[in-house]
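Enquirer:
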Amino acid sequence: MYLSHISFEQFRCYVRQELDLPPAGIRLAGENASGKTSLIEGVQLLSMMKSARAGAERDLINWNSNQEFGLPPYARVKGTVEDAPHLNTIEITLSVDPNRSTHARKQIKLDDQPKRAIDAVGRLKTVLFEPEDMDLVLGSPSVRRRYLDVAISTLDSTYLRLLSQYNKILEQRNSLLKSLRDQSPVNRRTRVGELDYWDQELINRAAYIVAARLQFIARAEHPLDDAFRSLLGEEYALRMEYEQSTRLNDGATEGPADAADTIELQRTVSNRLESEIEQRRDEELSRGVTAVGPHRDDLKLLLDERELESFGSRGQQRLAVVSVKLAEIAIIRQVTGETAVLLLDDVLSELDAVRRERLLARISGLGGQVVVTATDASLLDLDQLQDLPLFNVQSGHLIPAGQ
Ligand SMILES: Nc1ncnc2c1ncn2[C@@H]1O[C@H](COP(=O)(O)OP(=O)(O)OP(=O)(O)O)[C@@H](O)[C@H]1O
Ligand SMILES: [Mg+2]
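Under my numbering, the very last position in the sequence shown is 396; numbers go up by exactly one each time.
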């Protein structure tokens, strides 16, 4: 599977741009603020239906869009995905509601048919690696949960659907807990039974979410370790561990990688959550929030069994993040048989020459499509990248190198 064409209209700094991409990918060189990340963002948008960096979707629309015509501003990104013998198009249009100019309406089409985001996510599979991904090691648990959520959603639309239900149920349950907290003891006692319903709703989704995360981490174990050793050196071991917010330790084993055990795993998670929620009823009632569940869990990265965040060097942390992304590609391939498009935004300059070579050797070994950017073309002038057409990016224009 690869992206064979992408077109932009009024997207960020690209007023109008067409681009053909060969199956192996392209190289983009351009100064700061030329439009490299915007292009990567456009590709990633076609994959996830959402930008990983934009706070508001309105921001994706070119600032000057339609100003001269007095029409509402809009942006459009359209991609052609080839997966022989299939050829599909994905189109996303954002338009500003003239009555609410801070807001953008999103319309998604697959092969010219309108679709909901949830039905279009992951048609084009991408794995993005950018400098900000260091937050996976250094940032807060919410960054790591989000990483897991995005990675798993690409593979499993049920996960995405249940996660969105979970978040809504969580909100309802929290507001019920808050309202119970603020009631008189007598009222609280009569109404506390209302929680049972929300407990079950919550646990049903939580069990699926946690089991899927455990399964993802189990699947990542081997490819992660393999990638890390091959990039850094044989003597290092890297591992991910899922840290649950449940305090109960019933010694249950977790994370079987094969699907047959999934139901069993969900049952274990569900039982554990149920007892924990029961035990922590008073605490939840006095705090007015849901204390356990996947919204409180974390993902730990361990380098030789020590926390990477505290003990890893900057380079080790960076290579660990690269390894996580390479493992993600391996999992996508294992589950779907497809090789995701790898988006490498501005990351080569941060690795030493040896690691850069090793990373690129590994990437070419994958045989997938790569979109790689750098501020300096010399960083892209490497043997493994020679076959990828080079474009110079200049204020929202792509100019083929040599022209
Ligand atoms: N909605 C928008 N409309 C027009 N221009 C925008 C919009 N959003 C961002 N820009 C501008 O687009 C330009 C390109 O940004 P982009 O992040 O793609 O640059 P970059 O090439 O990745 O730069 P860097 O090397 O600094 O990361 C910037 O000048 C930015 O301010
Ligand atoms: Mg950039």
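We treat Cβ as the ideally placed atom computed from N, Cα and C, and that holds for glycine.
What you are looking at is a predicted structure, and each value in this text was computed from that prediction instead of being measured.
So what's Met41 in DSSP terms, helix, strand or just coil?
Expert: helix
Enquirer: Excluding the 5 residues flanking Gly395 on each side, which residues of the same chain have their C-beta closer than 6 angstroms to its C-beta?
Expert: none
Enquirer: Would you list, in sequence order, the uninterrupted beta strand (DSSP E) runs of no fewer than 3 residues that lie entirely inside the stretch 145 to 222?
Expert: none
Enquirer: Report the start-end ranges of each beta strand (DSSP E) in the stretch 30 to 83 that is 3 residues or longer and not cut off at the edges.
Expert: 67 to 76
Enquirer: Can you tell me where the beta strand (DSSP E) with Asn385 in it begins and where it stops?
Expert: Leu383 to Gln387
Enquirer: Assuming Leu156 contacts Leu231 under a Cβ cut-off of 8 angstroms, what Cβ separation, rounded to an integer in Å, is found between them?
Expert: Contact between Leu156 and Leu231 does not hold, since the beta-carbon distance rounds to 26 angstroms and is not under 8 angstroms.
Enquirer: Take every Cβ of the stretch 119 to 133, pair it with every Cβ of the stretch 149 to 168, and state whether three or more of those distances are shorter than 8 angstroms.
Expert: no
Enquirer: Taking the beta strand (DSSP E) that Val130 falls in, what are its first and last residues?
Expert: Taken as a continuous stretch (DSSP letters only), Val130 belongs to no beta strand (DSSP E), being part of the alpha helix (DSSP H) at Asp128 to Leu131.
Enquirer: Can you give me the C-alpha to C-alpha distance between Gly248 and Leu217, rounded to a whole angstrom?
Expert: Caution applies to Gly248, whose pLDDT of 48 falls short of 50 and renders its modelled position unreliable; the value that the coordinates give is listed next. C-alpha of Gly248 to C-alpha of Leu217: approximately 15 angstroms in a straight line.
Enquirer: Which residues share a DSSP beta bridge with Phe1?
Expert: Gln10 and Val70
Enquirer: In this structure, does DSSP put Pro124 in helix, strand or coil?
Expert: helix
Enquirer: Smallest Cα separation from Leu225: which of Ser357, Arg351 and Ala68?
Expert: Ranking Ser357, Arg351 and Ala68 by Cα distance to Leu225 puts Arg351 first.
Enquirer: Pull up the distance between the alpha-carbon of Trp191 and that of Leu169, whole angstroms please.
Expert: 9 angstroms
Enquirer: What I want to know is whether the C-beta of Asp391 ends up closer than 7 angstroms to one or more non-hydrogen atoms of ligand 1.
Expert: Sequence check: residue 391 is Leu here, not Asp. No, the Cβ of Leu391 stays beyond 7 angstroms of every heavy atom of ligand 1.
Enquirer: Using only the alpha-carbon positions, how far apart do Val418 and Phe221 sit?
Expert: With the chain running from -6 to 396 in the structure shown, residue 418 is simply not present.
Enquirer: In chain order, which alpha helix (DSSP H) runs of at least 4 residues are fully inside the stretch 299 to 364?
Expert: 301 to 304, 307 to 329 and 346 to 359
Enquirer: Since I believe Asp291 is in contact with Glu236 (beta carbons under 8 angstroms), could you give me their beta-carbon distance rounded to a whole number of angstroms?
Expert: 4 angstroms
Enquirer: Is there at least one non-hydrogen atom of ligand 2 closer than 7 angstroms to the beta-carbon of Asp52?
Expert: no
Enquirer: Would the beta-carbon of Leu258 fall within 8 angstroms of that of Leu207?
Expert: yes
Enquirer: At the level of alpha carbons, what is the spacing between Pro382 and Leu14?
Expert: 9 angstroms
Enquirer: Short of 8 angstroms in beta carbon distance, which residues of its chain neighbour Tyr229, apart from the five on each side in sequence? Order them along the chain.
Expert: Phe221, Arg222, Leu296, Asp297 and Gln309
Enquirer: For the beta strand (DSSP E) holding Leu375, just list the boundary residues, first then last.
Expert: Neither: Leu375 is in no beta strand (DSSP E) and is coded neither H nor E.
Enquirer: Looking at the unbroken alpha helix (DSSP H) that takes in Thr255, where does it start and where does it end?
Expert: DSSP places Thr255 inside the alpha helix (DSSP H), whose first and last residues are Thr255 to Gln272.
Enquirer: Once the 5 residues before and after Gly305 are set aside, which same chain residues still bring their CB inside 6 angstroms of it?
Expert: Leu296
Enquirer: Just the C-alpha distance for Asp52 and Glu84, rounded to the nearest angstrom, thanks.
Expert: 18 angstroms
Enquirer: Quick one: what does DSSP say Gly244 is sitting in, helix, strand or coil?
Expert: Note on Gly244: pLDDT 46, under 50, position unreliable in the model; no value is reported.
Enquirer: For Ala367, which of helix, strand or coil comes out of DSSP?
Expert: Judged by DSSP in its simplified three-state form, Ala367 adopts strand.
Enquirer: Run the CB neighbour count on Asn55, radius 10 Å, all protein chains shown included, and call it buried at 16 or more, exposed below.
Expert: buried
Enquirer: Give me, in chain order, the residues of the same chain whose beta-carbon lies closer than 6 angstroms to that of Gly286; leave out the 5 immediate sequence neighbours on both sides.
Expert: Once the five neighbours on either side are set aside, the close Cβ partners of Gly286 are Ala199.
Enquirer: With DSSP as the reference, label Ser135 as helix, strand or coil.
Expert: Of the three classes helix, strand and coil, the one that applies to Ser135 here is helix, per DSSP.
Enquirer: Spatial neighbours of Ala204 within its chain, please: C-beta separation below 7 angstroms, excluding the five flanking residues on both sides.
Expert: So the list reads Thr255, Leu258, Gln259 and Val262, once near-sequence residues are dropped.
Enquirer: Would you mind giving the Cβ-Cβ distance between Leu391 and Thr366, rounded to the nearest angstrom? I have them listed as a contact below 8 angstroms.
Expert: That pair is no contact at about 12 angstroms.
Enquirer: Look at the alpha carbon of Thr79 and the alpha carbon of Ser135, and state the distance between them as a whole number of angstroms.
Expert: Rather than Thr, the amino acid found at residue 79 in this sequence is His. Roughly 37 angstroms between the two C-alpha positions.
Enquirer: Taking contact to mean 3 or more Cβ pairs, one atom from each stretch, closer than 8 angstroms, check whether the stretch 366 to 377 and the stretch 20 to 31 are in contact.
Expert: yes
Enquirer: Check Ala234 in the structure and name its three-state DSSP category.
Expert: Per the sequence shown, the amino acid found at residue 234 is Glu instead of Ala. Strand.
Enquirer: May I ask you to verify whether the stretch 57 to 69 touches the stretch -5 to 10, counting CB pairs closer than 8 angstroms and requiring at least 3?
Expert: yes
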